[in-house]
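Novice:
There are 2 protein chains.
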Amino acid sequence: MQVLEGQTLSPPPIWLMRQAGRYLPEYREVRAKAGSFLDLCYTPDHAVEVTLQPIRRFAFDAAILFSDILVIPDALKRNVRFTEGHGPEMDPIDVDGIARLDGSRLLQHLEPVLETVRRLRGALPPETTLLGFCGAPWTVATYMIAGHGTPDQAPARLFAYRHPKAFETLLMLLAELSADYLVAQIDAGADAVQIFDSWAGVLGAREFEAFAVKPMARIIRSVKQRRPNAKVIAFAKGAGYQLKDYRQKTGADAIGLDWSVPLDFAVELQKDGPVQGNLDPMRMVAGGVALEEGIDDILQHLGNGPLIFNLGHGITPQAAPENVRLLVERVRGGRA
Amino acid sequence: MQVLEGQTLSPPPIWLMRQAGRYLPEYREVRAKAGSFLDLCYTPDHAVEVTLQPIRRFAFDAAILFSDILVIPDALKRNVRFTEGHGPEMDPIDVDGIARLDGSRLLQHLEPVLETVRRLRGALPPETTLLGFCGAPWTVATYMIAGHGTPDQAPARLFAYRHPKAFETLLMLLAELSADYLVAQIDAGADAVQIFDSWAGVLGAREFEAFAVKPMARIIRSVKQRRPNAKVIAFAKGAGYQLKDYRQKTGADAIGLDWSVPLDFAVELQKDGPVQGNLDPMRMVAGGVALEEGIDDILQHLGNGPLIFNLGHGITPQAAPENVRLLVERVRGGRA
Numbered sequence: 002m003q004v005l006e007g008q009t010l011s012p013p014p015i016w017l018m019r020q021a022g023r024y025l026p027e028y029r030e031v032r033a034k035a036g037s038f039l040d041l042c043y044t045p046d047h048a049v050e051v052t053l054q055p056i057r058r059f060a061f062d063a064a065i066l067f068s069d070i071l072v073i074p075d076a077l078k079r080n081v082r083f084t085e086g087h088g089p090e091m092d093p094i095d096v097d098g099i100a101r102l103d104g105s106r107l108l109q110h111l112e113p114v115l116e117t118v119r120r121l122r123g124a125l126p127p128e129t130t131l132l133g134f135c136g137a138p139w140t141v142a143t144y145m146i147a148g149h150g151t152p153d154q155a156p157a158r159l160f161a162y163r164h165p166k167a168f169e170t171l172l173m174l175l176a177e178l179s180a181d182y183l184v185a186q187i188d189a190g191a192d193a194v195q196i197f198d199s200w201a202g203v204l205g206a207r208e209f210e211a212f213a214v215k216p217m218a219r220i221i222r223s224v225k226q227r228r229p230n231a232k233v234i235a236f237a238k239g240a241g242y243q244l245k246d247y248r249q250k251t252g253a254d255a256i257g258l259d260w261s262v263p264l265d266f267a268v269e270l271q272k273d274g275p276v277q278g279n280l281d282p283m284r285m286v287a288g289g290v291a292l293e294e295g296i297d298d299i300l301q302h303l304g305n306g307p308l309i310f311n312l313g314h315g316i317t318p319q320a321a322p323e324n325v326r327l328l329v330e331r332v333r334g335g336r337a
Numbered sequence: 002m003q004v005l006e007g008q009t010l011s012p013p014p015i016w017l018m019r020q021a022g023r024y025l026p027e028y029r030e031v032r033a034k035a036g037s038f039l040d041l042c043y044t045p046d047h048a049v050e051v052t053l054q055p056i057r058r059f060a061f062d063a064a065i066l067f068s069d070i071l072v073i074p075d076a077l078k079r080n081v082r083f084t085e086g087h088g089p090e091m092d093p094i095d096v097d098g099i100a101r102l103d104g105s106r107l108l109q110h111l112e113p114v115l116e117t118v119r120r121l122r123g124a125l126p127p128e129t130t131l132l133g134f135c136g137a138p139w140t141v142a143t144y145m146i147a148g149h150g151t152p153d154q155a156p157a158r159l160f161a162y163r164h165p166k167a168f169e170t171l172l173m174l175l176a177e178l179s180a181d182y183l184v185a186q187i188d189a190g191a192d193a194v195q196i197f198d199s200w201a202g203v204l205g206a207r208e209f210e211a212f213a214v215k216p217m218a219r220i221i222r223s224v225k226q227r228r229p230n231a232k233v234i235a236f237a238k239g240a241g242y243q244l245k246d247y248r249q250k251t252g253a254d255a256i257g258l259d260w261s262v263p264l265d266f267a268v269e270l271q272k273d274g275p276v277q278g279n280l281d282p283m284r285m286v287a288g289g290v291a292l293e294e295g296i297d298d299i300l301q302h303l304g305n306g307p308l309i310f311n312l313g314h315g316i317t318p319q320a321a322p323e324n325v326r327l328l329v330e331r332v333r334g335g336r337a
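Going line by line, the protein sequences match chains A and B. Note that our numbering has the first sequence beginning at 2, numbered continuously upward. Note that our numbering has the second sequence beginning at 2, numbered continuously upward.
1. So the candidates are Pro93(A), Ala253(A), Ile65(A), Leu102(A); which of them puts its Cα closest to the Cα of Leu125(A)?
2. By the criterion of Cβ-Cβ separation under 8 Å, what are the contact partners of Val325(B) in chain A?
3. Could you say if the segment 137 to 157 of chain B and the segment 181 to 190 of chain B meet the contact criterion of at least three C-beta pairs nearer than 8 Å?
4. With H, G and I counted as helix, E and B as strand and the rest as coil, what does DSSP make of Glu90(A)?
5. Check whether the Cβ of Gly104(B) lies closer than 9 Å to any Cβ atom in chain A.
6. Would you please state the rounded distance, in angstroms, between the beta carbons of Leu108(B) and Asp181(B)? I believe it to be under 8 Å.
7. Can you tell me whether Thr251(A) is buried or exposed? The criterion is at least 16 other CB atoms within 10 Å of its CB, across all chains shown.
8. Identify the residues that DSSP records as bridge partners of Cys135(A): which are they?
9. By a C-beta neighbour count over all protein chains shown, 10 Å radius and 16 as the cutoff for buried, is Arg57(B) buried or exposed?
10. Could you tell me which whole alpha helix (DSSP H) segments of length 4 or greater appear in the segment 28 to 83 of chain A?
11. Flag this pair as yes or no: are the beta carbons of Phe67(A) and Thr52(A) separated by less than 9 Å?
12. Given this structure, state the Cα-to-Cα distance separating Gly335(A) from Leu258(A), to the nearest angstrom.
13. Could you confirm whether any beta carbon from chain B is found closer than 9 Å to the beta carbon of Phe197(A)?
14. When you compare only the Cα positions, how much space is there between Asn324(A) and Ala218(B)?
15. Between Tyr162(B) and chain A, is any beta-carbon pair separated by less than 9 Å?
16. Looking only at its chain, what residues have a beta carbon closer than 8 Å to the beta carbon of Met2(B), apart from the 5 residues adjacent to it on each side?
17. I'd like the list of long-range same chain contacts for Leu171(A), defined as Cβ closer than 6 Å, with 5 residues on each side in sequence excluded.
18. Quick one: is Ala320(B) buried, meaning 16 or more other Cβ sit within 10 Å of its Cβ, or exposed?
19. Out of Gln8(A), Gln154(A), Leu327(A), Leu174(A), point me to the one whose CA is closest to Ser223(A)'s CA.
20. Based on DSSP bridge pairs, tell me the residues matched to Gln277(B).
21. Give the secondary structure of Val233(A) by DSSP, where H, G and I count as helix, E and B as strand, and everything else as coil.
22. Assign Lys215(A) to buried or exposed, taking buried as 16 or more other Cβ atoms, counted over all protein chains shown, within 10 Å of its Cβ.
23. Report yes or no: do three or more beta-carbon pairs, one from the segment 297 to 312 of chain A and one from the segment 4 to 12 of chain A, lie closer than 8 Å?
24. Determine the chain A residues that contact Ala206(B) at a beta-carbon separation under 7 Å, and present them in chain order.
25. Quick check: the Cα distance between Leu292(A) and Leu121(B), rounded to an integer number of angstroms?
26. Under 9 Å between C-beta atoms, does Ala337(B) make it to chain A?
27. What is the DSSP secondary structure of Ile15(A), counted as helix, strand or coil?
28. Could you tell me whether the Cβ of Glu30(A) comes closer than 9 Å to any Cβ of chain B?
29. Is the Cβ-Cβ distance between Pro113(A) and Pro156(A) less than 9 Å?
30. Taking only beta-carbon atoms, is Met145(B) less than 9 Å away from chain A?
31. Quick one: does Trp16(B) have its CB under 9 Å from some CB of chain A?
32. Name the two residues that bound the continuous alpha helix (DSSP H) containing Tyr266(A).
33. For Thr170(A), which three-state DSSP category applies?
34. Let me confirm a value: His314(A) is counted as buried when at least 16 other C-beta atoms fall within 10 Å, else exposed. Which label applies?
35. Hey, is Thr251(B)'s beta-carbon within less than 9 Å of any beta-carbon in chain A?
36. For the alpha helix (DSSP H) containing Val286(B), list its first residue and its last residue.
Structure (structure tokens):
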């Protein structure tokens, strides 16, 4: 939280995207008894437990709510399902479907998630930051249009060119619902929130402005109007050079950096405020020198400014928990 | 060719990545009778024909040899195959396999491709530039390691962390063979060559230097030492901010830009020399205003410097040939 206010902490706080996940045996145990993946997200007993697991093991400085960015399309009755080995799927939406979307029951549908947040704030040590989150409208829309993940989200790019008005309607509805959802998470006890724009990198410059920056700015403005102390981390994966003025344009307090962001550019971005990132998740799998070198690089470049140490994308199932321990120790040992 | 020497032409020359491809009915006809995809690449009659098809239809300013970046692993006996709906596959390689790679029969294996280049130079109008090409070592290596395409080439990233020496050996062997192959293409009649680093965007900064920049620089140096007038276009897809000094570091004459490169950044890059790109291929599918607006944006920003008009990635099978005609007419009409 202090870093989100612009302070430099040494050592920097650390948490990992997908820190509650399949690399942990205790997670896989809960997952196995939870039914579907969405059942896991919507059952506070389970969701609280898996959120706390990595905190118990590694005493991360932040816990992130266990949930998924696709709970919003699920609340919009898009028939979201997660099938092993297939990635997420849902019913693809068309222009008429967009016109018929009804978000009025969003928070009722997501009440179990909000209950999870409430219980987490009670269960976590006071010094552990609790992060809520949602997906950014562009990223969520890519799945809603295609009905599944694709290598470069061509279906959504094409839809946006063909049906600009309907696509704008979809993005603005998602922005509004996302803001409501984040405010509800903050009211339930989240100390800060992160907005994931995992597919920002496939957009051209005009589209980045219209589909990534504009809805993100709208969410952040709406959240901050209603909860002036709210802190927001915006993560536009793959945005490359477009990150240059992303913080200023979106109003984000901190910006997440994926592992492809060069550290000299990251240093420039850090001059304007806190950054979060950006170790290659494959270094967590490789371990050894590759892990140490990656950590030290980040600490050397970014350790003297406001930094939240994290990976540049989610930790993968193949990462060894021992490597996570090494990571946390090295970051906290301040060896750099 | 004049643009590759740094001249500004108005209108700019135009060609499209994958311009010989499935969006053309006459291509699909040849494809259907050619046997496997590699048979198509290795049969000069067919490969010449499909290379010429888009030149006949649209009088592009450049023809690009019809082939594939994976002919080098095929020459290295990695059992490359293209199965409908699966993307390319080959036998994944390990550390021992890398040590055993034998590139001594590369040019014998690729003789049909070189024969295609010879025939093309004879068949093409003299004013049409003939482009040869190969894949960049990093991109080719990602397929060799994984044995197939993946969303973010995690297997190759991980392999490189775990086995840095073997990976360096692989990249340097691929660089050497690629240089030999490009020199042979130039000797067979190619006027210039393009090197495709389609997966440069998944690399962190250190790895971008070691795996993308260094082998690319090595190929270009080797080609230019042997053929001092050779012109090279380097295309590092998704490299974002790292393109900043990519031209200087690699020695490329022109740099290819994917559609996510913002045009204000492209203008900066063009100050150092020719650029090629960068229309979103989905605009070719959408047509109409989306197509016109995309073309005009590029011409307005980049039309007053050395530009080769192209897409930001290959044209897709869904693109209508009529849209290609509209594109060529609009670029040549100079409306901007």
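No residue lacks a Cβ here, since even glycine has one placed at the ideal position from N, Cα and C.
Specialist: In short, the structure shows the following:
1. Numbered from its first residue, the first sequence carries residue 125(A) at position 124. For the residues Pro93(A), Ala253(A), Ile65(A), Leu102(A), the minimum Cα distance to Leu125(A) belongs to Ile65(A).
2. Residue mapping note: residue 325(B) aligns to position 324 of the second sequence, counting from 1. Neighbours of Val325(B) on chain A: none; closest Cβ ~16 Å, over 8 Å.
3. Taking 8 Å as the limit for Cβ pairs, the verdict is that the segment 181 to 190 of chain B does not touch the segment 137 to 157 of chain B.
4. In the first sequence, the residue the question calls residue 90(A) occupies position 89. In this structure, Glu90(A) counts as strand in the three-state DSSP scheme.
5. Within the second sequence, numbered from 1, the residue matching residue 104(B) stands at position 103. Taking 9 Å as the threshold, the shortest C-beta distance from Gly104(B) to chain A does not fall below it.
6. Looking up residue 108(B) in the second sequence gives position 107. Looking up residue 181(B) in the second sequence gives position 180. Sure, about 7 Å apart at Cβ, within 8 Å.
7. Translated into the one-based positions of the first sequence, residue 251(A) becomes position 250. Counting C-beta atoms within 10 angstroms of its own C-beta, Thr251(A) has 16 or more neighbours from the protein chains shown and is therefore classed as buried.
8. Counted from its first residue, the first sequence places residue 135(A) at position 134. Paired residues: Ile196(A).
9. Position 56 of the second sequence, counted from the first residue, corresponds to residue 57(B). So Arg57(B) ends up on the exposed side.
10. Along the segment 28 to 83 of chain A, the alpha helix (DSSP H) occurs as fully enclosed runs of 4 or more residues at 38 to 43, 45 to 59, 72 to 76, listed in sequence order.
11. As a first step, residue 67(A) must be located in the first sequence, where it is residue number 66. As a first step, residue 52(A) must be located in the first sequence, where it is residue number 51. Yes, Cβ-Cβ distance for Phe67(A) and Thr52(A) is below 9 Å.
12. Locating residue 335(A) in the first sequence gives position 334, counting from the first residue. Locating residue 258(A) in the first sequence gives position 257, counting from the first residue. Reliability of the predicted coordinates at Gly335(A) is poor, the pLDDT of 49 falling under 50, and no value is obtained from them.
13. Looking up residue 197(A) in the first sequence gives position 196. Phe197(A) does not count as touching chain B.
14. If you number the first sequence from 1, residue 324(A) lands on position 323. If you number the second sequence from 1, residue 218(B) lands on position 217. For Asn324(A) and Ala218(B), the distance between alpha carbons rounds to 34 Å.
15. Position 161 of the second sequence, counting from 1, holds the residue named residue 162(B). Interface criterion met: the Cβ of Tyr162(B) is under 9 Å from a Cβ in chain A.
16. The residue you call residue 2(B) lines up with position 1 of the second sequence. Excluding residues up to 5 positions away in sequence, Thr130, Asp192, Ala193, Lys232 lie with their Cβ nearer than 8 Å to the Cβ of Met2(B) in the same chain.
17. On the first sequence, residue 171(A) is found 170 positions in, with the first residue counted as 1. Annotation for Leu171(A): Ile99, Ala142 place their beta carbon closer than 6 Å to its own, counting only its chain and skipping 5 residues before and after.
18. Here residue 320(B) refers to the residue found at position 319 of the second sequence. That one is buried.
19. For the purposes of this step, residue 223(A) is taken as residue 222 along the first sequence, with counting starting at 1. Nearest option by C-alpha distance: Leu174(A).
20. By 1-based counting over the second sequence, the position of residue 277(B) is 276. Among the bridge pairs identified by DSSP, Gln277(B) is matched with Gly257(B), Ile309(B).
21. What you label residue 233(A) is simply residue 232 of the first sequence in a count that begins at 1. If DSSP states are grouped into helix, strand and coil, Val233(A) belongs with the strands.
22. Taking the first sequence and counting its residues from 1, the one referred to as residue 215(A) is at position 214. Flag for Lys215(A) reads buried.
23. Touching, per the Cβ criterion.
24. Position 205 of the second sequence, counting from 1, holds the residue named residue 206(B). Ordered by position in chain A, the residues that pass the 7 Å Cβ test against Ala206(B) are Pro263, Leu264.
25. Walking along the first sequence from the start, residue 292(A) turns up at place 291. Walking along the second sequence from the start, residue 121(B) turns up at place 120. In a straight line, the C-alpha of Leu292(A) is about 49 Å away from that of Leu121(B).
26. Here residue 337(B) refers to the residue found at position 336 when the second sequence is read from its first residue. Summary for Ala337(B): the model assigns pLDDT 39, below 50, so the residue's position carries little reliability; its value from the coordinates is reported in the next sentence. Closer than 9 Å: no.
27. Taking the first sequence and counting its residues from 1, the one referred to as residue 15(A) is at position 14. Per DSSP, reduced to three states, the secondary structure at Ile15(A) is strand.
28. In the first sequence, residue 30(A) corresponds to position 29, counting from 1. The beta-carbon of Glu30(A) is placed no less than 9 Å from the nearest beta-carbon of chain B.
29. The count along the first sequence starts at 1 and reaches residue 113(A) at position 112. The count along the first sequence starts at 1 and reaches residue 156(A) at position 155. No, they are not a contact pair.
30. Indexing the second sequence from 1 puts residue 145(B) at position 144. Cβ-Cβ to chain A under 9 Å: no for Met145(B).
31. Here residue 16(B) refers to the residue found at position 15 of the second sequence. Chain A, which has no Cβ nearer than 9 Å to the Cβ of Trp16(B), makes this no.
32. Start at 1 with the first residue of the first sequence, and residue 266(A) comes out as number 265. Checking the sequence, you will find Phe at residue 266(A) rather than Tyr. Looking at the DSSP string, the run of the alpha helix (DSSP H) that includes Phe266(A) is 264 to 271.
33. Taking the first sequence and counting its residues from 1, one reaches residue 170(A) at position 169. In this structure, Thr170(A) counts as helix in the three-state DSSP scheme.
34. Taking the first residue of the first sequence as 1, we reach residue 314(A) at position 313. Looking at its Cβ environment, which holds 16 or more other Cβ atoms inside 10 Å, His314(A) is buried.
35. Against the second sequence, residue 251(B) aligns to sequence position 250. Not one beta carbon of chain A lies nearer than 9 Å to the beta carbon of Thr251(B).
36. Along the second sequence, one-based indexing puts residue 286(B) at 285. Where Val286(B) is concerned, the enclosing alpha helix (DSSP H) stretches over 282 to 287.
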